[in-house]
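*Asks:*
There are 2 protein chains.
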Amino acid sequence: MSDTAVGTENAGDENAEGRARGGRRSAGGAAARRAARSGGQRSPAMPYITRKVPIYEVLDEEALVTIETNADTVLEELGIEFRDDEEALNLWKHAGADVKGQRVHFPPGLCRDLLKSAPSIFTQHARNPERNVQIGGNATVFAPVYGPPFVRDLEGERRYATIEDFRNFVKLAYMAPSMHHSGGTVCEPVDVAVNKRHLDMVYSHMSLSDKPFMGSVTAPERAEDTVAMCKILFGDEFVENNTVVINLINANSPMVFDDTMLGAAKVYARHNQACIVSPFILAGAMSPVTVAGTLTQVLAEVLAGAAFTQLVRPGAPVLFGTFAASISMQSGAPTFGTPEPSLVSYGAAQLARRLGLPFRTGGSLCGSKIPDAQAAHESAATLNMTLLAGTNFALHSAGWLEGGLVSSYEKFMIDVDQLGMQQRFAEGVDMSENGQAMDAIREVGPGSHYLGCAHTQANFENAFYRSSIADNNSFEQWDIEGRKSADQRANELARRWLESYERPALDPAVDEALQAFIRERKDSMPDAFS
Amino acid sequence: MSDTAVGTENAGDENAEGRARGGRRSAGGAAARRAARSGGQRSPAMPYITRKVPIYEVLDEEALVTIETNADTVLEELGIEFRDDEEALNLWKHAGADVKGQRVHFPPGLCRDLLKSAPSIFTQHARNPERNVQIGGNATVFAPVYGPPFVRDLEGERRYATIEDFRNFVKLAYMAPSMHHSGGTVCEPVDVAVNKRHLDMVYSHMSLSDKPFMGSVTAPERAEDTVAMCKILFGDEFVENNTVVINLINANSPMVFDDTMLGAAKVYARHNQACIVSPFILAGAMSPVTVAGTLTQVLAEVLAGAAFTQLVRPGAPVLFGTFAASISMQSGAPTFGTPEPSLVSYGAAQLARRLGLPFRTGGSLCGSKIPDAQAAHESAATLNMTLLAGTNFALHSAGWLEGGLVSSYEKFMIDVDQLGMQQRFAEGVDMSENGQAMDAIREVGPGSHYLGCAHTQANFENAFYRSSIADNNSFEQWDIEGRKSADQRANELARRWLESYERPALDPAVDEALQAFIRERKDSMPDAFS
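Those protein sequences? They're chains A and B, same order as listed.
Residue numbers for the first sequence, in the UniProt record's numbering: 1 to 530.
Residue numbers for the second sequence, in the UniProt record's numbering: 1 to 530.
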């Protein structure tokens with residue numbers, strides 16, 4: 001819970017970031033301008049949201065204390081399983097936990113004590129330092145969809161994702177002014193061998209974008225590869241002293257961490273890289289059907305998992321993560337954007353703040369198969385909560401469809417437009433003299449209009465958020481133009497963006513070193529497809 | 001700002017409500033059960049939302065005081081026009097205002113002083129007292145779309161609305177568990193003469209639903225007709241002592257009230273009926289392009305208009321209304337669901353609470369021509385704000401399309417599903433022992449699942465909100481079932497509801513008296529169509 005991490009973590013190789021950055025400044029600017037011209041948001045790209053509006057909370061002090069007490073009971077009485085990882089169990093034994101088989105029981109206060117070394121705010125560095133993001137405090141960072149094996153492509157086909165799709169989503173995220181992060185597995189490139197695709201994924205983020213990105217967590221050696229590539233991009237010493245990659249460590253709810261996730265968490269924490277310890281909750285299946293019960297379990301799991309990173313390396317950045325959805329009690333199908341997961345996420349955000357950890361939840365989740373009204377309503381319910389809860393890192397902020405099975409180009413474009421709206425909302429109310437607009441009211445007076453008044457003219461450009469998706473023309477105009485729905489306009493916009501994409505410059509020596517590393521690693525192992 | 005209105009307003013004819021109610025209890029219950037069976041929400045119909053979650057506010061004390069000071073300056077320095085209504089100007093003169101022509105300038109504090117007699121909470125009575133709604137405090141009441149001349153019908157055609165459409169929307173609102181109000185001009189029945197249609201509209205609300213409703217405001221004599229019909233339904237004395245109809249009085253922004261609205265406001269206030277004094281704001285046209293400037297003008301207009309109702313009859317219920325949208329600075333087209341109008345509405349809610357008046361804003365506004373992702377996103381942004389702002393009365397909560405030009409059956413069904421979600425969210429977090437679910441966590445333990453545990457079984461029915469629109473089945477199932485979008489499912493649901501509608505019983509003598517009144521009034525005037 002140290003607040004000093006931001007101030008001290010730059011102590012390493014301060015020139016390291018410069019190594020990878022030849023020419024990116026002008027390229028990034030041009031791309032942003034093009035995005036704006038081709039129907040993009042009026043705002044210039046901002047590296048992250050600095051929230052000037054208040055947060056929204058649903059739990060009072062008594063409820064919070066009850067949940068915290070219950071979570072402590074779960075930790076002590078039931079314990080959490082750390083499976084198939086002797087090293088992890090030994091670390092817990094040495095820390096004073098009561099380890100029975102693979103089950104770790106935590107004495108009261110142990111996890112909280114360990115978490116005192118974790119920073120409440122840290123910086124994730126990008127190869128373009130203008131894209132560095134703050135994780136924690138009043139910052140919100142939007143990152144794209146993570147994990148889908150399928151895409152819904154621009155021809156409307158639902159099919160397995162490829163590395164070409166992966167690259168396309170990285171490009172779109174790079175071009176979207178209100179997308180702050182390049183994300184991780186924006187889709188699963190299933191046309192690349194499962195044991196090699198992490199190399200292509202990480203390289204895509206490094207070469208096609210200059211925004212911060214996520215690392216591989218599907219095996220400890222893939223996490224090591226990620227760190228090795230980061231060292232090529234940022235320099236060895238810079239990586240050991242700064243956070244350049246953020247990584248999703250899912251709990252196997254209820255109350256289990258498996259060896260895959262523990263292995264990746266150990267690699268990243270050891271290298272001072274950030275872990276998002278995230279219970280993946282479909283309430284009713286992986287947690288109780290109630291909000292308070294779910295929050296209790298989430299808190300217990302995060303306390304154990306996040307504290308574990310501090311056993312590995314005190315001070316390593318770690319986030320309190322919560323993926324909250326529920327299931328249909330009739331069919332068992334996952335459901336998104338409903339009221340109960342919103343309450344869970346709002347509550348978890350409060351618990352995270354009390355723990356002094358940055359918080360991850362939300363995004364633009366939905367269960368719909370297509371980018372229709374269901375998709376939009378469920379995504380909006382999730383996204384509105386995401387910002388108001390004070391979420392610091394929001395995975396799945398754009399492109400998520402069909403419960404996370406599908407990355408959708410159209411949905412991506414619709415979502416990033418909404419991210420822009422959230423960013424504008426977060427600016428709050430301008431109470432400057434210009435914002436008060438008394439001159440305008442005096443100039444116009446009763447019965448007239450403001451269209452041409454001096455104040456309106458002076459504020460023309462920045463007056464209102466301009467949607468890149470909405471059609472606000474008359475019915476007649478819309479009719480003449482082919483009666484297009486939002487998803488059709490999104491399709492056209494995605495095509496325009498991809499056509500006008502320009503790669504941000506990367507130092508050729510760094511690029512060649514990355515490619516050489518990938519070749520060597522790929523040559524060292526046979527293809528595996530499962 | 002008296003809190004006593006709820007306690008005292010029932011002093012009149014306490015048996016009056018009973019007159020109109022033969023048999024409605026069983027009919028209403030059956031309809032609600034049918035609605036639930038045909039894919040409706042799991043919750044029983046609740047008369048209104050009693051918010052158990054906190055409100056969200058965007059302005060701090062300093063900002064609020066600045067806006068209030070600026071509004072006082074507008075009222076004194078610029079004044080508000082009360083057009084073509086000598087009586088109104090005379091009332092203001094006698095109250096101590098400085099009247100120059102049609103422009104009324106208000107000495108500091110005059111409007112606020114007058115508003116001390118207005119109730120901060122009151123009850124709007126329905127003919128079925130189980131449907132009575134609280135207006136103010138921690139209550140939120142959802143009412144349908146108001147005003148569109150067009151409908152998008154169930155065959156997908158956009159055409160002028162008819163009285164048959166009007167009746168259909170009243171039926172759907174009656175059947176929707178989370179729609180608390182029958183509304184007013186749910187669409188304009190343009191097949192009925194303009195000077196007579198108010199009679200058919202009010203009769204439709206009275207006879208096809210037993211929920212509370214709104215009155216005609218398009219001419220003083222139509223307001224009188226509304227009151228006369230209310231007296232037939234509720235009894236003379238009951239109407240004079242209780243609020244049975246709520247009425248939309250739009251300011252002609254900027255800073256004008258016209259004789260039509262003033263005429264209707266006078267009729268309703270005199271009869272102790274509720275007025276919603278609502279600046280209709282497309283920011284950038286009717287108000288400054290900034291949030292703070294818009295709020296200043298809104299507050300000034302509401303202060304003048306709401307205080308006017310207290311000049312007519314001290315103690316008459318009046319709401320602080322705000323219709324907030326903005327315009328595209330490029331095309332001039334109105335835009336909805338964007339960040340700036342949300343900030344305006346959040347701020348206006350705070351100003352209303354400080355004034356001690358119930359607050360109206362929001363709903364499910366959108367600019368889209370069809371119920372697509374644009375419609376859903378814009379509606380969701382508006383509706384989420386509506387609840388979190390602490391809005392007491394939300395017009396346009398369902399059915400609004402195309403900037404209010406169109407009432408849509410499909411959009412109506414999609415929206416009422418979302419209203420149910422808001423209602424569930426407003427219940428907040430259950431912190432009871434059952435809510436804490438420690439038994440469930442103990443029973444299940446690490447590595448298992450909650451699907452079959454005793455706690456899940458015991459909470460099966462009420463576990464999660466069940467959407468009537470969302471399809472959460474697998475892609476394969478959805479594919480087999482015809483790949484339907486949300487609007488297609490909404491279309492089918494609207495048809496099912498309309499087929500299974502059953503009219504709530506109405507005392508035949510009352511019904512005959514209402515019909516006789518309508519015949520007499522219609523016979524007294526020639527048809528007018530403009």
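Note that the Cβ used here is the ideal one computed from N, Cα and C, for glycine as well.
Quick caveat, the model's predicted, so the values are computed rather than measured.
1. Could you run through the segment 362-377 of chain A and flag, in chain order, every residue whose CB is less than 8 Å away from some CB of chain B?
2. Is there a Cβ from chain A that is less than 8 Å from the Cβ of E81(B)?
3. Looking at the ligand NAD, does it come within less than 7 Å of N242(B), judged from the CB to the closest heavy atom?
4. Any idea if R127(A) is buried or exposed, counting beta-carbon neighbours within 10 angstroms, 16 or more meaning buried?
5. What is the rounded straight-line gap between the Cα of S182(B) and the Cα of Y203(B)?
6. Exposed or buried, what is P526(B) when buried is set at 16 or more other beta-carbons lying within 10 Å of its beta-carbon?
7. Hey, quick one: how far does the alpha helix (DSSP H) through K100(A) stretch, first residue to last?
8. I need the straight-line Cα distance from Y268(B) to E240(B), nearest angstrom please.
9. Would DSSP call V104(A) helix, strand or coil?
10. Please confirm if V133(A) has its CB atom under 8 Å from at least one CB of chain B.
11. Can you grab the Cα-Cα spacing for the pair A20(B) / K411(B), in whole Å?
12. Anything in the segment 383-402 of chain A with a Cβ closer than 8 Å to a Cβ of chain B? List those residues in chain order, please.
13. Below 8 Å, how does it come out for the segment 221-232 of chain A and the segment 169-186 of chain A: are there three or more Cβ pairs, yes or no?
14. Determine whether the Cβ of S342(B) lies closer than 8 Å to any Cβ atom of chain A.
15. With Q350(A) as the anchor, note down where its alpha helix (DSSP H) starts and where it stops.
16. Which residues of chain B have a Cβ atom closer than 9 Å to the Cβ of R475(A), listed in chain order?
17. DSSP puts G183(A) in a beta bridge; with which residues?
18. Kindly say whether G147(B), judged by its beta-carbon, lies nearer than 8 Å to any beta-carbon of chain A.
19. Is A193(B) near F517(B), with beta carbons less than 8 Å apart?
20. If you draw a straight line from the C-alpha of D417(A) to the C-alpha of I469(A), how long is it?
21. Interface residues of chain B around E57(A) at Cβ under 7 Å?
22. Between which two residues does the alpha helix (DSSP H) harbouring F238(B) extend?
23. Apart from the five residues on each side of it in sequence, which residues of its chain come closer than 7 Å, Cβ to Cβ, to L78(A)?
24. Less than 8 Å between CB atoms is the rule here; does S331(B) satisfy it with respect to chain A?
25. If you reduce the DSSP assignment to three classes, tell me which class F529(B) lands in.
26. Is there at least one Cβ from chain B nearer than 8 Å to M413(A)'s Cβ?
27. Would you please verify whether the beta carbon of Y465(A) is less than 8 Å from any beta carbon of chain B?
28. At least one CB of chain A closer than 8 Å to the CB of S500(B): is that the case?
29. Starting from V298(B), trace the beta strand (DSSP E) in both directions and tell me its first and last residue.
30. Pick from Q330(A), G315(A), G347(A): whose alpha carbon is nearest that of L65(A)?
31. DSSP three-state label for G386(B), please.
32. Using C-beta distances below 6 Å, list every residue in its chain close to V74(B), excluding the 5 sequence neighbours before and after it, in chain order.
33. Taking the DSSP output, what are the residues bridged to V151(B)?
34. Strictly under 8 Å for the Cβ-Cβ distance: is P279(B) near chain A by that measure?
35. Under a CB-based cut-off of 8 Å, is D430(A) close to chain B?
36. Would G337(A) pass as a contact of A381(A) if the rule is Cβ separation under 8 Å?
*Replies:* Looking at the atomic coordinates:
1. G367, S368, K369, I370, P371, D372, A373, Q374, A375, A376, H377
2. yes
3. Judged by which ligands are present, the structure shown has none, so any question about the ligand NAD falls away.
4. buried
5. 12 Å
6. exposed
7. Looking at the DSSP string, K100(A) is not in any alpha helix (DSSP H); the run it does join, the beta strand (DSSP E), is 98-100.
8. 10 Å
9. strand
10. no
11. Confidence at A20(B) is low in this model, with a pLDDT of 42, below 50, so the placement of that residue is unreliable and no value is reported for it.
12. N384, L388, E402
13. no
14. yes
15. 339-355
16. Going by the sequence as given, residue 475(A) is Phe instead of Arg. The contacting residues are F150, R158, K369, E402, L405, V406.
17. F213(A)
18. no
19. no
20. 7 Å
21. P54
22. 236-241
23. M255
24. yes
25. coil
26. no
27. yes
28. no
29. Run containing V298(B): none in the beta strand (DSSP E); it sits in the alpha helix (DSSP H), 291-312.
30. Reading the sequence as shown, one finds Val at residue 65(A) and not Leu. It is G347(A).
31. Looking at the sequence itself, residue 386(B) is Thr, so the reference to Gly does not match. Helix, per DSSP.
32. A300
33. R159(B), S407(B)
34. no
35. yes
36. yes
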